[in-house]
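S.K.:
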Amino acid sequence: MESHQYNLHTYALLKTPLTPLDLPSGIAGEVQIFSSDSLSALVEPEISVVSFEDDSDRLMQAVLAHDRVICQVFRQTSVLPLRFGTYFASTESLQIHLKSHSQQYLEKLEQLEGKGEYSLKFTPLLPPEEPLPLETGGRQYFLAKKQRYQQIQDFNEVQAAEWQKACTLASETYPSATVEPTADGEGRIYVLVNFQDEYLLLERYQTLQETCPHWEIQLGEALPPYHFL
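Just so you know, we're using my numbering here: the sequence shown kicks off at 34 and counts up by one.
1) Report buried or exposed for Glu205, applying the criterion of at least 16 other Cβ atoms within 10 angstroms of its Cβ.
2) Suppose the cutoff is 7 Å on Cβ atoms and the five residues either side in sequence are ignored; what does the same chain contact list for Tyr39 look like?
3) List the endpoints of the continuous beta strand (DSSP E) containing Arg221.
4) Would you give the residue range spanned by the alpha helix (DSSP H) that Val191 belongs to?
5) Mind checking which residues open and close the beta strand (DSSP E) that includes Glu213?
6) Is the beta carbon of Tyr44 closer than 8 Å to that of Val96?
7) Could you round the C-beta distance between Leu158 and Ile222 to whole angstroms and report it? I think they count as a contact, below 8 Å.
8) Among Val212, Ser81, Val191, which one has its Cα closest to the Cα of Cys200?
9) Quick one: complete beta strand (DSSP E) runs, 3+ long, within the segment 57 to 138?
10) Just reading off the alpha helix (DSSP H) that Leu252 is part of, what are its end residues?
11) Using DSSP with H/G/I as helix, E/B as strand and the rest coil, what is Ser36?
12) What is the DSSP secondary structure of Tyr259, counted as helix, strand or coil?
13) Between Pro57, Leu47, Glu236, which has its C-alpha nearest Gln137's C-alpha?
14) According to DSSP, which residues form a beta bridge with Glu150?
15) Does the distance from the CB of Pro57 to the CB of Tyr259 come in under 8 Å?
16) Quick check on the burial criterion: 16 or more other C-beta atoms within 10 angstroms. Buried or exposed for Gly218?
17) Taking DSSP as the reference, what is the three-state secondary structure of Ala240?
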């Protein structure tokens with residue numbers, strides 16, 4: 034796939050629909066389905082990434098629209114989402130690409146059928162603050178300060194152990210789980226789950242909340258499988 038300033042913006046790949054889909058509006062116009070036998074692409078013609086490069090607000094709106102289109106179609110059928118900026122020079126080049134990679138894409142779509150990506154966002158809680166003695170000198174003050182430091186260290190160690198346990202539990206339950214720690218101490222775990230098994234995920238989410246009391250954990254809604262392509 035080409036990621037340049039061509040005029041056929043491509044959102045996602047999907048199995049050729051047997052019934053019409055409710056297609057949303059796109060970045061600047063109508064979204065269309067381009068089909069090649071059993072495989073189709075969700076496209077919008079005459080969109081150029083160059084037109085957004087010098088306008089950060091327009092670029093951000095285009096990125097958000099790209100994601101919105103993918104999510105709205107995902108609610109109707111399984112999709113392989115493509116990153117923003119995926120363009121084809123013409124319908125002919127798109128046709129060639131779909132035909133040459135048809136088996137690969139269709140197999141992946143089959144694996145993702147009836148599944149969604151769920152994120153578990155872990156935000157570290159702060160250690161509880163114990164008030165220090167009012168007097169800033171003397172043995173009692175320094176002992177309290179030392180105790181406070183040790184409490185923070187212990188809290189952080191328990192917090193780190195809970196995160197590792199959560200990662201292990203997620204990987205054991207969902208072997209394809211993706212773990213992404215962040216520089217600010219937060220962490221995300223992405224899991225691929227059958228929609229019919231969402232209730233089990235909710236149960237495991239509650240278990241994680243009990244297992245990791247030193248974290249705030251948020252469960253996201255089902256999204257296209259961005260991390261499982």
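For glycine and all other residues, C-beta sits at the position ideal for the given N, C-alpha and C. Since we're looking at a predicted model, the values are computed, not measured.
M.R.: Taking the structure as given:
1) Glu205 should be labelled exposed.
2) Because Tyr39 carries a pLDDT of 47, less than 50, the predicted location of this residue cannot be relied on, and no value is offered for it.
3) For Arg221, the enclosing beta strand (DSSP E) starts and ends at 220 to 227.
4) For Val191, the enclosing alpha helix (DSSP H) begins and ends at 172 to 206.
5) Where Glu213 is concerned, the enclosing beta strand (DSSP E) starts and stops at 211 to 214.
6) No, they are not a contact pair.
7) Not quite, the Cβ-Cβ distance comes to about 17 Å (not below 8 Å), so this is no contact.
8) Per the C-alpha coordinates, the member of Val212, Ser81, Val191 positioned closest to Cys200 is Val212.
9) Complete beta strand (DSSP E) runs here, min 3: 65 to 69, 72 to 78.
10) If you look at Leu252, you'll find it isn't in any alpha helix (DSSP H); it sits in the beta strand (DSSP E) that goes 248 to 252.
11) The predicted model places Ser36 with a pLDDT of 43, which falls under 50 and marks its position as unreliable, so this point remains unresolved.
12) If DSSP states are grouped into helix, strand and coil, Tyr259 belongs with coil.
13) It is Leu47.
14) DSSP lists Leu225, Leu256 as partners of Glu150.
15) For Pro57 and Tyr259, no; Cβs fall outside 8 Å.
16) Per the 10 Å Cβ criterion, exposed.
17) One detail in the question is off: residue 240 reads as Thr in this sequence, not Ala. Reduced to three states, the DSSP call for Thr240 is helix.
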